[in-house]
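Number of protein chains: 2
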Amino acid sequence: MSVGIRHDDLRRRNRAMVISAVRRAGQPSRTEIAATTGLSHSTISAISSDLIAEGILAESKPGETGALKRGRPQVGLGLNPEAAAVMTVVLSLNFLSVAVIDYAGQVVAEEQRRLDTLTMPRDELIGECTAIVRRRLEDPDLDVQSIARIAMGIQGITDSQARAMLWSPITPLTDIAFADILEAEFGIPATMENDCNMMAVALQWRQPERYRDDFIAILLSHGIGMGLVLKGELFTGTHSSGGEFGHMIHRPGGALCRCGRRGCVEAYAGNYAIWRNASMMSEDAEPVDVGDADMRALAARARETDGPEREAYRKAGEALGFGLGSLFALIDPAPVAMVGVSAAAFDLIEPALREAIAQTAGGQHSKSISFDTEPNELPLIREGCAMRALGFVDQEIFAPGIQARSGKHVA
Amino acid sequence: MSVGIRHDDLRRRNRAMVISAVRRAGQPSRTEIAATTGLSHSTISAISSDLIAEGILAESKPGETGALKRGRPQVGLGLNPEAAAVMTVVLSLNFLSVAVIDYAGQVVAEEQRRLDTLTMPRDELIGECTAIVRRRLEDPDLDVQSIARIAMGIQGITDSQARAMLWSPITPLTDIAFADILEAEFGIPATMENDCNMMAVALQWRQPERYRDDFIAILLSHGIGMGLVLKGELFTGTHSSGGEFGHMIHRPGGALCRCGRRGCVEAYAGNYAIWRNASMMSEDAEPVDVGDADMRALAARARETDGPEREAYRKAGEALGFGLGSLFALIDPAPVAMVGVSAAAFDLIEPALREAIAQTAGGQHSKSISFDTEPNELPLIREGCAMRALGFVDQEIFAPGIQARSGKHVA
DNA sequence: CAGTATTTTTTCGAGGCTCGAAAAAATAGA
DNA sequence: TCTATTTTTTCGAGCCTCGAAAAAATACTG
Numbered sequence: 040m041s042v043g044i045r046h047d048d049l050r051r052r053n054r055a056m057v058i059s060a061v062r063r064a065g066q067p068s069r070t071e072i073a074a075t076t077g078l079s080h081s082t083i084s085a086i087s088s089d090l091i092a093e094g095i096l097a098e099s100k101p102g103e104t105g106a107l108k109r110g111r112p113q114v115g116l117g118l119n120p121e122a123a124a125v126m127t128v129v130l131s132l133n134f135l136s137v138a139v140i141d142y143a144g145q146v147v148a149e150e151q152r153r154l155d156t157l158t159m160p161r162d163e164l165i166g167e168c169t170a171i172v173r174r175r176l177e178d179p180d181l182d183v184q185s186i187a188r189i190a191m192g193i194q195g196i197t198d199s200q201a202r203a204m205l206w207s208p209i210t211p212l213t214d215i216a217f218a219d220i221l222e223a224e225f226g227i228p229a230t231m232e233n234d235c236n237m238m239a240v241a242l243q244w245r246q247p248e249r250y251r252d253d254f255i256a257i258l259l260s261h262g263i264g265m266g267l268v269l270k271g272e273l274f275t276g277t278h279s280s281g282g283e284f285g286h287m288i289h290r291p292g293g294a295l296c297r298c299g300r301r302g303c304v305e306a307y308a309g310n311y312a313i314w315r316n317a318s319m320m321s322e323d324a325e326p327v328d329v330g331d332a333d334m335r336a337l338a339a340r341a342r343e344t345d346g347p348e349r350e351a352y353r354k355a356g357e358a359l360g361f362g363l364g365s366l367f368a369l370i371d372p373a374p375v376a377m378v379g380v381s382a383a384a385f386d387l388i389e390p391a392l393r394e395a396i397a398q399t400a401g402g403q404h405s406k407s408i409s410f411d412t413e414p415n416e417l418p419l420i421r422e423g424c425a426m427r428a429l430g431f432v433d434q435e436i437f438a439p440g441i442q443a444r445s446g447k448h449v450a
Numbered sequence: 040m041s042v043g044i045r046h047d048d049l050r051r052r053n054r055a056m057v058i059s060a061v062r063r064a065g066q067p068s069r070t071e072i073a074a075t076t077g078l079s080h081s082t083i084s085a086i087s088s089d090l091i092a093e094g095i096l097a098e099s100k101p102g103e104t105g106a107l108k109r110g111r112p113q114v115g116l117g118l119n120p121e122a123a124a125v126m127t128v129v130l131s132l133n134f135l136s137v138a139v140i141d142y143a144g145q146v147v148a149e150e151q152r153r154l155d156t157l158t159m160p161r162d163e164l165i166g167e168c169t170a171i172v173r174r175r176l177e178d179p180d181l182d183v184q185s186i187a188r189i190a191m192g193i194q195g196i197t198d199s200q201a202r203a204m205l206w207s208p209i210t211p212l213t214d215i216a217f218a219d220i221l222e223a224e225f226g227i228p229a230t231m232e233n234d235c236n237m238m239a240v241a242l243q244w245r246q247p248e249r250y251r252d253d254f255i256a257i258l259l260s261h262g263i264g265m266g267l268v269l270k271g272e273l274f275t276g277t278h279s280s281g282g283e284f285g286h287m288i289h290r291p292g293g294a295l296c297r298c299g300r301r302g303c304v305e306a307y308a309g310n311y312a313i314w315r316n317a318s319m320m321s322e323d324a325e326p327v328d329v330g331d332a333d334m335r336a337l338a339a340r341a342r343e344t345d346g347p348e349r350e351a352y353r354k355a356g357e358a359l360g361f362g363l364g365s366l367f368a369l370i371d372p373a374p375v376a377m378v379g380v381s382a383a384a385f386d387l388i389e390p391a392l393r394e395a396i397a398q399t400a401g402g403q404h405s406k407s408i409s410f411d412t413e414p415n416e417l418p419l420i421r422e423g424c425a426m427r428a429l430g431f432v433d434q435e436i437f438a439p440g441i442q443a444r445s446g447k448h449v450a
């Protein structure tokens, strides 16, 4: 149940608001912050001098601001990069990567590693993750004190509390509470995020004009995933990370999906499905892993001649189109970003997709729906994890006073 | 962009919180309110004495409370029925009904009227609505001053701002800004709500244990509609009321839907679709209106013998099941309430529905998904409109100080 | 029936917070 | 050097919430 606002919440929230305004704007002056937050100049002055004294914000050197106007020049406020740092851990198929990001969002350290996620036993997989984190933490160049958060991203389904991986295509293992494991191991608050959700978060930061309040990020890769932002907020299911667009039903009883069921969108539009159709294999054939290079070659063949390859992409487009149509029936149309290796073949997918969506109620204005493509998902996922972790730091760590009342983490 | 909290917002929000706690609990004592809101006893004491002085709350007569305990007895606080009143206007197929509801939620006046919505020209339809509202307002028994809000509900799509009907099956007319029309005519703030959303709001009040944070209300009637509550909040689309579950795609290119497209869930599960299938008509046959009595007779025949009638309900169940499966893939499973005349035939629908949902990713725990039925949607819609209107009064009218900063209504 | 225990509600002073107005600071132009 | 202009800080006023203590209202007890 919602709860009253106590007097001490006031400062906490307004501090968080100032920090978030600075993170968004980069180098805003106090006057600009007052304008965007709606708070008075006096309040902004008080809060920002507190934040500067605490080393969270820093005034930028004079002369850095651009065109000089008459009057006292504005002093830009920026995030102090040394105020804190966060760590991102991204686990994808056969690949593990970590990065340390300073409070201003700059990457200060990185490590990547290949491993065989599909066959790894549970302990080993967890061990690899904790080991790589530990290596970064033990780096003598790093001030360990400053790591305030870890955000881990993974392909697959996570729980809505962002504590655990429930299911993932990269491993047969299920229900690994990575967030709890990392917290127990390192004593640093951690969350376990869904990869597509992080893509959406990253897009929101990268292109705020285009992706702000309502948009959809769809991962076109081995599987089909989705990150959904509605009314400016990341959408999650009631129990899990939700948004399993790839497992909406396209054709009841249809093609065999990697999830073991039939007729899912993914069973027509996932890499393995496109490959299966392009190879004229049965729709009942077991899904197989297809490498990115093979997919690129497949797309090239499809562009060359009008054969089964092209037809396979057409079928993918149709499935995505009807799926989006159903989605749009629920949430109304919104801009879409297509991410992942098959996004590079969106030219092959788009015609059938638009044709399908035009046949649905949600596609009423299908011509006005914009599609963006971004073939490389990993940088987006990393960036999203970083921004998410920093957001937590902004909100929780640097907003003092009473702890969030329904907080999950013990102090 | 989110905005800072100003000092005067504090009282406003906490007042709203107290009012809402009273509305929810009925006759809570100050101590109970303090417990549910998390505010201190002093604060609750101060706010409630203000609210009593303003005539918004009233202390209940002593002796009304139940079991006597030791110590000073609790004094129950209740909403003062005379503090305000709201009006609901529900427009459905060939039927218009209004009600006046006092601040405590009791119906104090009603009027209903048959009319031919399908053939009525625009001016006449609007005229009927304003006329019936005017008749109620001019009732000498009614203190017009006290009507603080009008909530109008209609079958069909409304805009996400709750200002206008965009499309409705009850009339060929489109884009009628009923909220603006009523406001201009009577000078009373008004909203135009989607019928299924109001069903959901009503269920939330009627059965808070069952329907609280996440649930789905599905209207099984001529058309198929949905009201969705996620994380305790009514879900709407980005532009429209959204949640057009009936127009998710069940079978691409399939049966002809009333919306003119093909393969929508509604084209298999709407009354007209069940009728069409039961009559062994082509799936391309034009949708026709079927009366409730005819539908009840159809259900009776389906229960009697295993013929095309039963098969028609089976197909409806299948479409609903796959649709729900797709929906659950996005939002995770949640309790469902089936409302409307075909909810009375849910026994015929349920087996196929469960079978279908079990074949989807969203139906993983299909046995644990609960279905409730309620054959009569109109009372729910009315109740939802009433609660919604009262909620606005609670939040806006009785929370003084600065107006909501992005308010739509001029003071 | 008076006194005690118990629970609810109010009162009161302290401490915070935001705000508006005015002052101070810092610069460009004249 | 002086003036106009813009940004930032300072300061007192006005609210708000809180905790502690007091007051109020009742049941129990002998």
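Protein chains in written order, with our numbering: chain A, 40 to 450; chain B, 40 to 450. Idealized CB from N, CA, C, for every residue including glycine.
Next item on the list: Output the distance between the C-alpha atoms of R45 of chain B and N119 of chain A, rounded to the nearest integer angstrom.
Entry: 27 angstroms
Next item on the list: Starting from the beta carbon of V42 of chain A, find every residue of chain B whose beta carbon is closer than 7 angstroms, and list them in chain order.
Entry: T76, G77
Notebook entry, point to check: Taking L387 of chain B as the reference, which of B:A376, B:E357, B:V128, B:P374 has the closest Cα?
Noted result: B:E357
Note to self: Would C8 of chain A pass as an interface residue toward chain B - the criterion being a Cβ-Cβ separation below 9 angstroms?
What the structure shows: The requested residue 8 of chain A does not occur in the structure, where chain A is confined to residues 40 to 450.
Notebook entry, point to check: When the Cα of A85 of chain A is compared with those of A:N53, A:I186, A:K108, which residue comes out closest?
Noted result: A:N53
Item checked: Distance, A55 of chain A Cα to F225 of chain A Cα -> 26 angstroms
Item checked: Alpha-carbon spacing of E322 of chain A relative to R300 of chain A, whole angstroms -> 12 angstroms
Check: When the Cα of A339 of chain B is compared with those of B:V380, B:Y307, B:P160, which residue comes out closest?
Finding: B:V380
Next item on the list: Report the rounded CA-to-CA distance for R342 of chain B versus S407 of chain B, giving the unit in angstroms.
Entry: 26 angstroms
Next item on the list: Flag this pair as yes or no: are the beta carbons of A397 of chain A and F367 of chain A separated by less than 9 angstroms?
Entry: no
Checklist line | Where the beta strand (DSSP E) containing N53 of chain A begins and where it ends | finding: Careful: N53 of chain A lies outside any beta strand (DSSP E), inside the alpha helix (DSSP H) at 46-64.
Checklist line | the region 171-178 of chain A contacting the region 411-424 of chain A, beta-carbon criterion three pairs below 8 angstroms | finding: no
Checklist line | Contacts of D253 of chain A in chain B (Cβ-Cβ under 7 angstroms) | finding: T277
Checklist line | Bridge-paired residues (DSSP) for C303 of chain B | finding: B:I288
Check: Exposed or buried, what is V57 of chain A when buried is set at 16 or more other beta-carbons lying within 10 Å of its beta-carbon?
Finding: buried
Next item on the list: Could you round the C-beta distance between A148 of chain A and L181 of chain A to whole angstroms and report it? I think they count as a contact, below 8 angstroms.
Entry: 6 angstroms
Item checked: the region 296-322 of chain A: positions lying closer than 7 angstroms to chain B by Cβ -> C298, R300, R301, C303
Check: Contact between the region 236-250 of chain A and the region 247-264 of chain B: three or more CB pairs below 8 angstroms?
Finding: no
Checklist line | Coarse secondary structure for I408 of chain B, derived from DSSP in three states | finding: coil
Next item on the list: Drop a sphere of 10 angstroms on the beta-carbon of Q184 of chain B, count the other beta-carbons inside from all chains shown, and report buried for 16 or more, exposed for fewer.
Entry: exposed
Note to self: I'd like to know whether the C-beta of D371 of chain A is nearer than 9 angstroms to at least one C-beta of chain B.
What the structure shows: yes
Next item on the list: Would you tell me roughly how many angstroms separate the C-alpha atoms of A92 of chain A and A122 of chain A, rounded to the nearest one?
Entry: 11 angstroms
Check: Per DSSP, which one or two residues make a beta bridge with F254 of chain A?
Finding: A:V268
Next item on the list: Note down, in chain order, every chain A residue with its Cβ under 7 angstroms from the Cβ of A400 of chain B.
Entry: E283, H286, C298, R300, C303
Check: For a contact meaning CB atoms closer than 7 angstroms, what does A368 of chain B contact in chain A?
Finding: E283, H286, M287
Next item on the list: Mark E222 of chain B as exposed unless 16 or more other C-beta atoms lie within 10 angstroms of its C-beta, in which case mark it buried.
Entry: buried
Margin query: The beta strand (DSSP E) that contains V146 of chain B, what's its start and end?
Written below: 146-153
Notebook entry, point to check: Short check: CB of L96 of chain B to CB of G117 of chain B, under 9 angstroms?
Noted result: yes
Next item on the list: Using a cut-off of 7 angstroms between C-beta atoms, extract the partners of F361 of chain B located in chain A.
Entry: I288, P291
Margin query: Tell me the residue span of the alpha helix (DSSP H) that contains E357 of chain A.
Written below: 347-370
Check: Residues in the region 44-56 of chain A with C-beta within 9 angstroms of chain B's C-beta atoms, listed in sequence order?
Finding: I44, R45, H46, D48, L49, R52, N53, M56
Checklist line | Given V146 of chain B as reference, the closest of B:R161, B:I370, B:M126 once Cα atoms are compared | finding: B:M126
Next item on the list: Could you tell me whether any Cβ in chain B is nearer than 9 angstroms to the Cβ of G330 of chain A?
Entry: no
Notebook entry, point to check: Could you give the residue range of the beta strand (DSSP E) that holds E98 of chain A?
Noted result: 96-98
Note to self: Short of 7 angstroms in beta carbon distance, which residues of its chain neighbour A373 of chain A, apart from the five on each side in sequence? Order them along the chain.
What the structure shows: D253, F254, I255
Check: How many angstroms separate the CA atom of F134 of chain B from the CA atom of G65 of chain A?
Finding: 57 angstroms
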